[in-house]
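Counted from 1, the sequence shown has number 95 at position 95 by UniProt numbering; the numbering is strictly sequential.
Built from N, CA and C at the ideal position, the CB exists for glycine as well.
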Amino acid sequence: PTLGWEQEYFLIDTALFQARPDLILTNRTLMGHQSSKDQQLDDHYFGSIPERVGAFMKDFEMEAYKLGIPVKTRHNEVAPNQFECAPIFEEVNLANDHNQLVMDVMKRVASKHNFRVLLHEKPFAGINGSGKHNNWSLMTNTGVNLLSPGKNPKGNLQFLTFLVCVVKAVYENQDLIRASILTAGNAHRLGANEAPPAIISVFLGSKLTATLDEIVEKVTDSKMTPDEKTELKLGIGKIPEILLDNTDRNRTSPFAFTGNRFEFRAVGSSANCASAMIALNTAVGDQLRKFKLDVDAIINKGVKKDE
């Protein structure tokens, strides 16, 4: 399994932070009015990074590079004074270790710039909270992404096999996966201000979902005719084009397929990715085991591959 995390956080001036006992004690505000100006105009999201914040980001990234953490991206987030960093994806154990280090390095470097980093999932009411999107995929030891469509129908069949197994695993183990991301802070964040709901559901994109529905309708227990087989192969063959043109933007899905990976958006910004990844990897591993048993049973019955 591979993981590419996206770490969201708020930056607060140290003097302003020290003036708020609630922030000092709980890392979130517990009293006071909502700001008259928040994120209505998206001006922070689409604006340039403030110079002082940019200086902090550069220092923090240099410290991350010294530790071998491949930080790649920095940008403003939607809420005022909210930002994000993200690395190149890595093997899941290494990626998780690097995320733990990043959260520590971020706080140490911020203090040198008279900032405080807030990793609480919902530090301010009425504006977006902070999450840690987990971009998860499966890769072979030769670097082949099993959740990326192939160049021919055979490659697409492999892609579909793993895609459907992941969907089934999440469906069967949604309670376990939900439990892996629940914290008090994350419970405040989920379900509002562009955060995903607290339920776990999978989103594949309307076009890919429609293609899978077509395949389900065509595949029955009865023997398929040559024309039906050809039609099915043509349907599987057009999947790469569908994903290339798929512009669905469903920000409310906690577990969305985004072309060559699944994006698990329900993880909280202060969380350790390990619990979510353990739950997901275990669920998918168990489902792949069940899938192999089903395939072995069909092979033992003497059913041919093209039937």
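Backbone CA spacing between residue i and residue j [nearest angstrom]
i: residue 314; j: residue 51; result: Because the chain here runs from 1 to 307, residue 314 falls outside it and cannot be looked at.
i: residue 102; j: residue 274; result: 15 Å
i: residue 76; j: residue 59; result: 17 Å
i: residue 118; j: residue 210; result: 41 Å
i: residue 108; j: residue 53; result: 14 Å
i: residue 191; j: residue 200; result: 12 Å
i: residue 91; j: residue 32; result: 43 Å
i: residue 78; j: residue 89; result: 23 Å
i: residue 6; j: residue 97; result: 14 Å
i: residue 187; j: residue 57; result: 29 Å
i: residue 110; j: residue 17; result: 13 Å
i: residue 150; j: residue 293; result: 24 Å
i: residue 281; j: residue 125; result: 34 Å
i: residue 289; j: residue 39; result: 46 Å
i: residue 172; j: residue 36; result: 44 Å
i: residue 19; j: residue 25; result: 12 Å
i: residue 202; j: residue 213; result: 15 Å
i: residue 208; j: residue 183; result: 33 Å
i: residue 296; j: residue 157; result: 17 Å
i: residue 265; j: residue 8; result: 12 Å
i: residue 99; j: residue 66; result: 14 Å
i: residue 304; j: residue 298; result: 9 Å
8 Å contact criterion, which residue i and residue j should meet: CB distance rounded
i: residue 177; j: residue 271; result: Not quite, the Cβ-Cβ distance comes to about 13 Å (not below 8 Å), so this is no contact.
i: residue 14; j: residue 116; result: 6 Å
Beta-carbon proximity list for residue i, same chain, < 6 Å, skipping 5 on both sides
i: residue 168; result: 287
i: residue 316; result: In the structure displayed, the chain extends from 1 to 307; residue 316 sits before or after that span and is not available.
i: residue 174; result: 200
i: residue 166; result: 284
i: residue 80; result: 44
i: residue 204; result: 257
Secondary structure of residue i, DSSP reduced to three states
i: residue 29; result: coil
i: residue 21; result: helix
i: residue 96; result: helix
i: residue 12; result: strand
i: residue 194; result: coil
i: residue 120; result: coil
i: residue 113; result: coil
i: residue 39; result: coil
i: residue 267; result: coil
i: residue 185; result: helix
i: residue 174; result: helix
i: residue 3; result: strand
i: residue 89; result: coil
i: residue 206; result: helix
i: residue 84; result: strand
i: residue 137; result: strand
i: residue 169; result: helix
i: residue 309; result: The chain is shown from 1 up to 307; residue 309 falls before or after that span and cannot be answered.
i: residue 156; result: helix
i: residue 78; result: coil
i: residue 300; result: helix
i: residue 150; result: coil
Candidates the options, of which the one nearest residue i by Cα
i: residue 94; options: 113, 46 and 68; result: 68
i: residue 133; options: 82, 195 and 150; result: 195
i: residue 279; options: 55, 136 and 21; result: 136
i: residue 257; options: 57, 22 and 170; result: 170
i: residue 44; options: 214, 127, 203 and 254; result: 127
i: residue 112; options: 297, 295 and 11; result: 11
i: residue 215; options: 185, 17, 300 and 160; result: 160
i: residue 164; options: 185, 267, 283 and 179; result: 283
i: residue 147; options: 296, 3, 303 and 299; result: 3
i: residue 185; options: 100, 267 and 34; result: 267
i: residue 141; options: 299, 297, 1 and 301; result: 1
i: residue 162; options: 262, 193, 100 and 299; result: 262
i: residue 104; options: 265, 269, 42 and 156; result: 269
i: residue 276; options: 131, 106, 296 and 152; result: 131
i: residue 193; options: 42, 23 and 22; result: 42
Residues of its chain near residue i, where Cβ-Cβ distance is below 7 Å and the 5 sequence neighbours each way are ignored
i: residue 27; result: 118, 120 and 123
i: residue 145; result: 137, 139 and 260
i: residue 197; result: 190, 191, 252 and 254
i: residue 47; result: 76
i: residue 55; result: 113
Chain-order list of residues whose beta-carbon lies under 8 Å from that of residue i (same chain, five-residue window excluded)
i: residue 49; result: 57, 74, 75, 76 and 83
i: residue 22; result: 28, 29, 30 and 31
Contact with chain B by residue i, beta-carbon distance below 9 Å
i: residue 20; result: Of the protein chains in this structure there is only one, and it is not chain B.
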